[in-house]
Every structure is written in structure tokens, then in C-alpha cells.
Amino acid sequence: MPPIYAIGDIHGQKDMLDNALSLIAADGGDDAQIIFLGDYVDRGPDSRGVIDTLMQGQAAVRPWTCLLGNHDRFFARFIREGRQHDPRVKSGLNWLNPRLGGAQTLQSYGVVGQMHFAEQQFGDEEKLVHCETEAGWITPEALIAAAQASIPEDHIAFIESLPLWHETDHLLCVHAGLRPHISLEHQDPEDLIWIRDGFLDTNHHFGQLVVHGHTALDHPQHFGNRVDLDGGAGYGRPLVPAVFEGRHCWTLTDQGRVPLTI
Numbered sequence: 001m002p003p004i005y006a007i008g009d010i011h012g013q014k015d016m017l018d019n020a021l022s023l024i025a026a027d028g029g030d031d032a033q034i035i036f037l038g039d040y041v042d043r044g045p046d047s048r049g050v051i052d053t054l055m056q057g058q059a060a061v062r063p064w065t066c067l068l069g070n071h072d073r074f075f076a077r078f079i080r081e082g083r084q085h086d087p088r089v090k091s092g093l094n095w096l097n098p099r100l101g102g103a104q105t106l107q108s109y110g111v112v113g114q115m116h117f118a119e120q121q122f123g124d125e126e127k128l129v130h131c132e133t134e135a136g137w138i139t140p141e142a143l144i145a146a147a148q149a150s151i152p153e154d155h156i157a158f159i160e161s162l163p164l165w166h167e168t169d170h171l172l173c174v175h176a177g178l179r180p181h182i183s184l185e186h187q188d189p190e191d192l193i194w195i196r197d198g199f200l201d202t203n204h205h206f207g208q209l210v211v212h213g214h215t216a217l218d219h220p221q222h223f224g225n226r227v228d229l230d231g232g233a234g235y236g237r238p239l240v241p242a243v244f245e246g247r248h249c250w251t252l253t254d255q256g257r258v259p260l261t262i
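The sequence shown begins at 1 in full-length UniProt numbering and counts up by one.
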């Protein structure tokens, strides 16, 4: 069987994505099967370029499978509904806070401004007070309207169409992880894009090797029952693609394959 390639959280790092795709093409050709593990937007400088690249690849009928990440859904919900928070963010941070990266995503679409937040009380959701633009201060409602007018409808529709998982004979690919002892069809969709506790600390054998992102490391790592491919591109660390042959895994570098083992 041909190898399967996977790319972890991209977080708006278009240049890193281009490099990862070049490494994959050098190893497996232009028609390599690639699984993208979600979190295409936020924090990095060119979320729009990342989405464009993924959409173009699928339009060209490349064998690319793009999964949904929590940051992608955050972005889509902000545009559709104006939602700035998610109950899974225990800190209550606003999606527009630089730590989550929503403002950087909007900037890549030409919606530029300095976000000003109210002083956050412990346990409260962080509240956007206004956005400072070149034309002056605008309200949160005006910012949402500007974003809705600037983000292409097909970008949001693309995100809303993304599946939560992808299976092969040997791999189960998902953005964040899954809960042990629960069948795939009965998993909570929220867990599939958000889970850490109960997944990262389990030695449970899921049948297939779980390939995921979401939890940023310094470099992709193999844990035996799972492989975490989020190497921290959202924080400026390299985006490292991987290749799988059965359950065997290698990362890809300019010098070729490097085994990724337990």
C-alpha cells in the first residue's frame, strides 16, 4: 500500500505549509495522500493563505483529507454567529485575544485593528470593549460585521464541511484525540476537537494507531498508542510532516526520513 502522509496544526503558517508540502512531494510525489489534522487558522500571519491552499488542493482532486480543528470551528462560529468564546476554554479568553489568535486570522483577511478588552475578573469571560482601527474605534458589533463582509463565504463553508476523523486500516486520524472505551460513532464531537484529559494520559489501545495534533509539543512524538504531530507551529516552531507505512512512522526533513519511535 502507498504511504500516508500527515500534517499537524498549521495555525496560519503558510510558508511552513508550503515547505511541508514540498517535503512530502519529494518523498511521495505530487499525488501523495495527505491527512491534515486541523487548526489551520489563528496565531500565524496567513490563515487565509492556508485555507486557500487546502481548498485549491481539494479542488484539484488531490487525495487530501482535511479534518476539523477547534480553532477552525472558533473562526467559523465567530463569522456565522459572532461568538467570541467557547466553554472548553477554561480561562475564558476571547477568541480575538492574541493568545488564541483570532485577531491574527482576521488581519490575514484585511480586517485589521488593535483589540481592547475589559479587565477580566477570575472566572468571567474576557469581554471585547472596542477595536482600534486606522479609521477610529469601532464596536464589537461593527467588527463582527466587517469580518462577515470580508471573509469569503466559501472559506467558512469549507470549514463547516470538514469531517471530525479519518480512518485507514492502521491509522485513526483526529484533531485532538478520543475517549477510551467508547466506539468511534459514539464519541462526543467536542472531545474529538478539544480532549486532553482522559486521552493524553491513557495507555488504552484504540485498535488503530491514533494520529492527532492539538496539544503542542516541541517536536512530533510517538507515545506507542498515539502519535502527536503538533510540533508547535502556532508558536513559531517548525511544521514537521510525517509519513506512515502501516503503523511505522517517520518525520520528513530536508535530509529525508527520520524514524519516529517510542
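All residues carry an ideal CB built from backbone N, CA and C; glycine is no exception.
Asked: Only counting runs of 3 or more residues, tell me where the beta strand (DSSP E) segments fall wholly within the stretch 220-257, in order along the chain.; Found: 226-228, 242-245, 248-253
Asked: Could you spell out the range, first to last residue, of the alpha helix (DSSP H) harbouring Gln107?; Found: 102-108
Asked: For the alpha helix (DSSP H) containing Gln148, name the first residue and the last one.; Found: 140-150
Asked: Quick one: does His181 have its CB under 8 Å from some CB of chain B?; Found: The structure shown has no chain B; it contains just one protein chain.
Asked: With DSSP as the reference, label Thr202 as helix, strand or coil.; Found: coil
Asked: With a threshold of 8 Å, are at least 3 pairs of Cβ atoms found where one atom belongs to the stretch 205-218 and the other to the stretch 42-58?; Found: no
Asked: Taking the C-alpha atoms as reference points, what is the distance between Gln33 and Leu68?; Found: 17 Å
Asked: Among residues of its own chain, excluding the 5 on either side of His222, which ones have a beta-carbon nearer than 7 Å to its beta-carbon?; Found: Cys249, Leu260, Thr261, Ile262
Asked: Between which two residues does the beta strand (DSSP E) carrying Leu172 extend?; Found: 171-174
Asked: Helix, strand or coil for Ile156? Go by DSSP, reduced to three states.; Found: helix
Asked: With a threshold of 6 Å on Cβ separation, who are the neighbours of Gln210 within its own chain once the five nearest residues in sequence on each side are excluded?; Found: It should be pointed out that residue 210 corresponds to Val in this sequence rather than to Gln. The residues are Leu172, Arg226.
Asked: Whose C-beta lies closer than 7 Å to the C-beta of Leu17 among residues of the same chain, with five residues either side of it excluded?; Found: Ile10, Val50, Thr53, Leu239
Asked: Quick check: what's the CA-CA separation for Trp64 versus Trp194?; Found: 23 Å
Asked: Name the DSSP bridge partner or partners of Thr215?; Found: Beta-bridge pairing links Thr215 to no other residue.
Asked: On a Cα-Cα basis, can you pick out the residue from Pro241, Ile138, Gly213 that is closest to His130?; Found: Ile138
Asked: Measuring CB to CB, does Thr105 end up less than 8 Å from Gly12?; Found: yes
Asked: So Cys125 is in the beta strand (DSSP E); what residue range does that whole segment cover?; Found: In the sequence on display, residue 125 carries Glu and not Cys. It is not in any beta strand (DSSP E) - Glu125 carries neither H nor E in the DSSP assignment.
Asked: Have a look at Trp165 and Thr253 and give me their C-alpha separation to the nearest angstrom.; Found: 26 Å
Asked: If you draw a straight line from the C-alpha of Ile151 to the C-alpha of Asp46, how long is it?; Found: 13 Å
Asked: Would you check if the stretch 21-35 and the stretch 144-162 touch, i.e. whether three or more CB-CB distances between them fall below 8 Å?; Found: no
Asked: Using C-beta distances below 6 Å, list every residue in its chain close to Thr133, excluding the 5 sequence neighbours before and after it, in chain order.; Found: Gly113
Asked: When DSSP labels each residue in this structure, what does Ala32 get in the three-state scheme?; Found: coil
Asked: Can the beta-carbon of Glu125 be found less than 8 Å from the beta-carbon of Gly92?; Found: yes
Asked: So if DSSP puts Trp137 in a beta bridge, which residue, or which two residues, is it bridged to?; Found: Glu132
Asked: Sorted by chain position, which residues of the same chain lie with C-beta nearer than 8 Å to Asn70's C-beta, five sequence neighbours on each side aside?; Found: Gly38, Asp39, Asp86, Arg88, His175, Ala176, Ile193, Trp194, His214
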